[in-house]
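Participant: According to my numbering, the sequence shown is numbered sequentially starting from 845. Take a look at the following structure, please.
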Amino acid sequence: MGDFSDLGEHDVALKIWLPEPVKHTLVEISDRSNLSVSVFLRQFLAIHCYGLYGLYAFYQMTETMPNLFKDRDSSGIRYSFAREEPPEGKKRVNTYWVVELGKNIAPIKMWLPTRMKTDLKTLAEHVDLTPSNYVREILISRLLGHGMLPQRPAMFKPFPAPEADIWEADQQVWREVSQEEFHHYHIGEIRTEWVDEEVSHSS
C-alpha cells in the first residue's frame, strides 16, 4: 500500500459549502461517533481516497503517530492570549466575526494532509469538478444516499453563488456579530485590539 507517513500532518485547508440540512446531518453523525466534524471528515476522505484497507493502515501507525486524525488545535493553547496584560493606558476590545454565505448555506473548513488534498484534486479532475465541488458531492451522496445526486440541479438552485464561490476560492467572507450570536456559528474568529482608556474629566 506504500508509505502513509506523509498523511500525518494536516497542513493545508480545504473550504467547501454545504446546504444547511447536509451540514446538520454531518454534525449529528460526527457527534454520534464521538468525533469532531474535522476528524470525521478526515477519516471519511481517507476511506474515499485510499479505501478501508488504507484506513486500516493508518490506524496501524497510531502507535507512533497518536494524533493522526485528531485536530491539531485540541490543546487549547490558542486561548492563552486571553491572559495577556494590557499595555499601560490601554484596554482590550474584542470583536466577533463569522463566515456567512447566505441563507441556508453552511461554510465548512477542514485541515488535510497535502497529499490527500492533491489526490482529491486528481479525482475531481477526472470528473471535471473542482475539489470543493467534488467533496461536496461525495459528502451528500454518502450522507444522504446516491439518490440525492439526480436532484442536484434543484437542490443547489436556491443557493446564491457569489459568496460561496469566494469562500471556496480561499478568500474571506466575514461579518461582525454580537458575542451571543458568535457561539451559534460553526466558523468564527475573535479579533482583539488595544484602545486608549477613556479619561474622565472633573467639572
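Ideal placement from N, C-alpha and C gives every residue a C-beta, glycine not left out.
1) Assign Lys867 to one of two classes, buried (16 or more other C-beta atoms within 10 Å of its C-beta) or exposed (fewer than that).
2) Let's test the definition: count the other Cβ atoms within 10 Å of the Cβ of Tyr894 and tell me whether it reaches 16, buried, or not, exposed.
3) Taking the alpha carbon of Val871 as the point to measure from, which residue in Ala950, Ser976, Arg959 has its own alpha carbon closest?
4) Measure the Cβ-Cβ separation of Gly933 and Glu1041 and say whether it is below 7 Å.
5) In whole angstroms, what separates the C-alpha of Pro975 from that of Ile952?
6) With a threshold of 7 Å on Cβ separation, who are the neighbours of Asp850 within its own chain once the five nearest residues in sequence on each side are excluded?
7) Do Trp955 and His854 count as a contact pair if the criterion is CB distance below 7 Å?
8) Check this for me: beta carbons of Ile860 and Val979, under 7 Å apart or not?
9) Taking the alpha-carbon positions, what's the Pro1002 to Ile1034 distance?
10) Quickly, what does DSSP pair Ile860 with across the bridge? List them, please.
11) Starting from Glu981, trace the alpha helix (DSSP H) both ways and give me its first and last residue.
12) Could I get the ranges of all uninterrupted alpha helix (DSSP H) runs contained in the region 869–906, with 4 residues as the minimum, in chain order?
13) Report all residues from its chain with a CB closer than 8 Å to the CB of Phe884; omit the five preceding and five following residues, and keep chain order.
14) Could you check whether Leu858 and Lys961 sit closer than 7 Å to each other, using their CB atoms as the reference points?
15) Going by beta carbon distance, what residues of the same chain come within less than 6 Å of Arg986, once the five residues before and after it are set aside?
16) Roughly how many angstroms lie between the CA atoms of Lys965 and Leu896, to the nearest whole one?
Facilitator: A quick look at the data gives this:
1) Taking the first residue of the sequence shown as 1, we reach residue 867 at position 23. Under this definition Lys867 is a buried residue.
2) In the sequence shown, residue 894 corresponds to position 50, counting from 1. Buried, by the Cβ-count rule.
3) Within the sequence shown, numbered from 1, the residue matching residue 871 stands at position 27. Nearest of Ala950, Ser976, Arg959 to Val871, Cα basis: Ala950.
4) Taking the first residue of the sequence shown as position 1, residue 933 is located at position 89. Taking the first residue of the sequence shown as position 1, residue 1041 is located at position 197. The answer is yes: Cβ separation under 7 Å.
5) Here residue 975 refers to the residue found at position 131 of the sequence shown. Here residue 952 refers to the residue found at position 108 of the sequence shown. Going from the Cα of Pro975 to the Cα of Ile952 covers about 13 Å.
6) Here residue 850 refers to the residue found at position 6 when the sequence shown is read from its first residue. Pro957, Arg959.
7) The residue given as residue 854 occupies position 10 in the sequence shown. The residue given as residue 955 occupies position 111 in the sequence shown. Yes, these two residues count as a Cβ contact at 7 Å.
8) As a first step, residue 860 must be located in the sequence shown, where it is residue number 16. As a first step, residue 979 must be located in the sequence shown, where it is residue number 135. Cβ atoms of Ile860 and Val979: closer than 7 Å.
9) Looking up residue 1002 in the sequence shown gives position 158. Looking up residue 1034 in the sequence shown gives position 190. For Pro1002, the predicted model reports a pLDDT of 47, less than 50, meaning its position is unreliable and no value from the coordinates is stated.
10) Sequence index remark: in the sequence shown, residue 860 carries index 16 (1-based). Ile860 pairs with Ile952.
11) As a first step, residue 981 is located in the sequence shown; it is residue number 137 there, counting from the start. First-last of the alpha helix (DSSP H) with Glu981: 975–988.
12) 881–904
13) On the sequence shown, residue 884 is found 40 positions in, with the first residue counted as 1. Within the same chain, Phe884 has close Cβ partners Leu870, Ile873, Ser874, Ser877.
14) Within the sequence shown, numbered from 1, the residue matching residue 961 stands at position 117. Within the sequence shown, numbered from 1, the residue matching residue 858 stands at position 14. It is a contact, given that the beta carbons lie within the stated cut-off.
15) Indexing the sequence shown from 1 puts residue 986 at position 142. Closer than 6 Å at the Cβ level, and outside the excluded window around Arg986, lies no residue.
16) As a first step, residue 965 must be located in the sequence shown, where it is residue number 121. As a first step, residue 896 must be located in the sequence shown, where it is residue number 52. Answer to the nearest angstrom: the Cα atoms are 20 Å apart.
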